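Protein chains in written order, with my numbering: chain A, 108 to 281; chain B, 108 to 281.
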């Protein structure tokens, strides 16, 4: 499958509703338990997605499309959410993510990205030159990766409850 | 986290809406592509979930709760969906799954399962004795495992599009 902007947007636009359907209203243990020390709970992961909407994806897209000489990205803080959201509920976080994502996709739409724009580049602090197509692909894959992670973290809460079926449930071994 | 029937039902009741939010209306490639030969697409996975609703979970629950001497489970055909659903759309499959899951959870509710019932047993064709608590836990984990799989299969469609970010996207290496 090759990159298409419209097909990337299909994924990006759906993630807020997926999180809502998957997490809103669940008991505290499903939301707050993680996979062990230094791993993330579903609550932490939604916080991480919020932080990306605020500081990463659109900022970098606009950096790439700017006429500035300096198109170096700021490093992304992948742990900010571990201290930022402690007083909030999962329902509040999901709502916040929905609003941010909607705003970002609206803004993306106003940029009228052309197929030439997709090859424009910015400088990643670690990898060096990357282009807009790679950045938008990564945004969509990043969503899907964290949805897979949330499902896995939740599945693992029942690791000791499934008895011998553990052999058939590959998700418990990841 | 220890098993509770109500917390298991939280997961089982949500899966149809999660699939709807994640898959309904997506382009064909997101729905029909898989991870390579002899792997499943999101379309195949929803078909597998439907087959489980029809032939596996509730049938086994009722076998466990029956007064019959013979509480041996039928083997579950894990590949039936590969031939059964070829003429249907993903939207039809999701609708069918929603209806089946709703009917099954309604029926489960009428069984008035007690904490004693949770320790009642059936005979798995491969593992031998398993109890109702393990079966219901497995049903929930099975949902979550396949949600994780669907997200991963979709993420992989962009494996060649993310450029150097592939190093940060663990979901592409699974």
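Glycine is no exception: its CB is placed at the ideal position from the N, C-alpha and C atoms.
This one's a predicted model, so the numbers in the text were calculated from it and none came from an experiment.
Next item on the list: Pull up the CB-CB distance for residue 119 of chain A and residue 262 of chain A, whole angstroms please, since I reckon it's below 8 Å.
Entry: On the first chain, position 12 is the one that residue 119 of chain A refers to. On the first chain, position 155 is the one that residue 262 of chain A refers to. The pair is not a contact, with the Cβ atoms about 25 Å apart (cut-off 8 Å).
Next item on the list: Quickly, what does DSSP pair residue 249 of chain B with across the bridge? List them, please.
Entry: Here residue 249 of chain B is taken as the residue at index 142 of the second chain, counted from 1. None, per the DSSP bridge assignment.
Item checked: Minimum Cβ-Cβ distance from residue 165 of chain A to chain B less than 9 Å -> Taking the first residue of the first chain as 1, we reach residue 165 of chain A at position 58. Cβ-Cβ to chain B under 9 Å: no for residue 165 of chain A.
Check: Which residue or residues does DSSP assign as beta-bridge partners of residue 179 of chain A?
Finding: Residue numbering aside, residue 179 of chain A sits at position 72 when the first chain is read from its first letter. Bridge partners of residue 179 of chain A: A:230.
Check: If you measure from the beta carbon of residue 152 of chain B to each beta carbon in chain A, is any gap under 9 Å?
Finding: Residue mapping note: residue 152 of chain B aligns to position 45 of the second chain, counting from 1. By this cut-off, residue 152 of chain B is not an interface position.
Margin query: In whole angstroms, give me the CA-to-CA distance for residue 229 of chain B and residue 253 of chain B.
Written below: Here residue 229 of chain B corresponds to residue number 122 of the second chain, with the count starting at 1. Here residue 253 of chain B corresponds to residue number 146 of the second chain, with the count starting at 1. Their backbone Cα atoms lie some 24 Å apart in a straight line.
Checklist line | Residue span of the alpha helix (DSSP H) that contains residue 216 of chain A, given as start and end | finding: As a position in the first chain, residue 216 of chain A is number 109, starting the count at 1. That run of the alpha helix (DSSP H) goes 197 to 217.
Next item on the list: Select from B:183, B:281, B:123 and B:134 the residue whose C-alpha is nearest the C-alpha of residue 196 of chain B.
Entry: Working through the second chain from its first residue, we reach residue 196 of chain B at position 89. When each option's Cα is compared against that of residue 196 of chain B, the closest is B:134.
Checklist line | Same chain, Cβ closer than 6 Å to residue 227 of chain B, neighbours up to 5 away in sequence not counted | finding: For the purposes of this step, residue 227 of chain B is identified with residue 120 of the second chain, where counting begins at 1. Cβ neighbours of residue 227 of chain B beyond the five flanking positions: 171 and 239.
Margin query: Could you check whether the region 115 to 131 of chain A touches the region 201 to 220 of chain A, counting it as contact only if at least three pairs of C-beta atoms, one from each stretch, sit closer than 8 Å?
Written below: yes
Item checked: Neighbourhood of residue 180 of chain A by C-beta distance below 7 Å, restricted to the same chain and skipping five residues each side -> On the first chain, residue 180 of chain A is found 73 positions in, with the first residue counted as 1. Taken in chain order, the residues that qualify are 167, 170, 229, 230, 231 and 232.
Note to self: On the CB-based measure, 16 or more other CB atoms within 10 Å of its CB, does residue 186 of chain B come out buried or exposed?
What the structure shows: To locate residue 186 of chain B, count along the second chain from 1; it is residue 79. When all chains shown are included, residue 186 of chain B counts as exposed.
Notebook entry, point to check: Where residue 142 of chain B and residue 217 of chain A are concerned, what is the direct C-alpha to C-alpha distance, given to the nearest angstrom?
Noted result: Reading the second chain from its first residue, position 35 is the one you call residue 142 of chain B. Reading the first chain from its first residue, position 110 is the one you call residue 217 of chain A. Taking the straight line joining both Cα atoms gives about 34 Å.
Item checked: For residue 245 of chain A and residue 269 of chain B, believed in contact at Cβ under 8 Å, the rounded distance -> Locating residue 269 of chain B in the second chain gives position 162, counting from the first residue. Locating residue 245 of chain A in the first chain gives position 138, counting from the first residue. With 8 Å as the limit, residue 269 of chain B and residue 245 of chain A qualify as a contact, their Cβ atoms being about 5 Å apart.
Notebook entry, point to check: Using a Cβ-Cβ distance under 9 Å, would residue 147 of chain A count as near chain B?
Noted result: The count along the first chain starts at 1 and reaches residue 147 of chain A at position 40. Closer than 9 Å: no.
Check: Applying a beta-carbon distance threshold of less than 7 Å, which residues of chain A neighbour residue 222 of chain B?
Finding: Locating residue 222 of chain B in the second chain gives position 115, counting from the first residue. Here the premise fails: no neighbours, minimum Cβ distance about 14 Å.
Next item on the list: Consult DSSP for residue 235 of chain A and reduce its assignment to one of helix, strand or coil.
Entry: Here the question's residue 235 of chain A lines up with position 128 in the first chain. If DSSP states are grouped into helix, strand and coil, residue 235 of chain A belongs with the strands.
Check: So is residue 142 of chain A in contact with chain B if we call contact Cβ pairs under 9 Å?
Finding: Stepping through the first chain from its first residue, residue 142 of chain A is reached at position 35. Not closer than 9 Å to any Cβ of chain B, the Cβ of residue 142 of chain A fails to qualify, so no.
Next item on the list: Identify the contact partners of residue 134 of chain A in chain B, using a Cβ-Cβ distance below 7 Å as the criterion.
Entry: Working through the first chain from its first residue, we reach residue 134 of chain A at position 27. The answer, in chain order, is 114 and 117.
Checklist line | Minimum Cβ-Cβ distance from residue 162 of chain A to chain B less than 9 Å | finding: Taking the first chain and counting its residues from 1, one reaches residue 162 of chain A at position 55. Output row for residue 162 of chain A: interface = no.
Notebook entry, point to check: Which whole-angstrom value describes the C-beta separation of residue 136 of chain B and residue 150 of chain B, a residue pair presumed to lie in contact below a C-beta threshold of 8 Å?
Noted result: What you label residue 136 of chain B is simply residue 29 of the second chain in a count that begins at 1. What you label residue 150 of chain B is simply residue 43 of the second chain in a count that begins at 1. Between residue 150 of chain B and residue 136 of chain B the Cβ distance is about 11 Å, and since that is not below 8 Å, they are no contact.
Checklist line | Contacts that residue 249 of chain A makes with chain B (C-beta to C-beta distance below 8 Å) | finding: Reading the first chain from its first residue, position 142 is the one you call residue 249 of chain A. The answer, in chain order, is 276.
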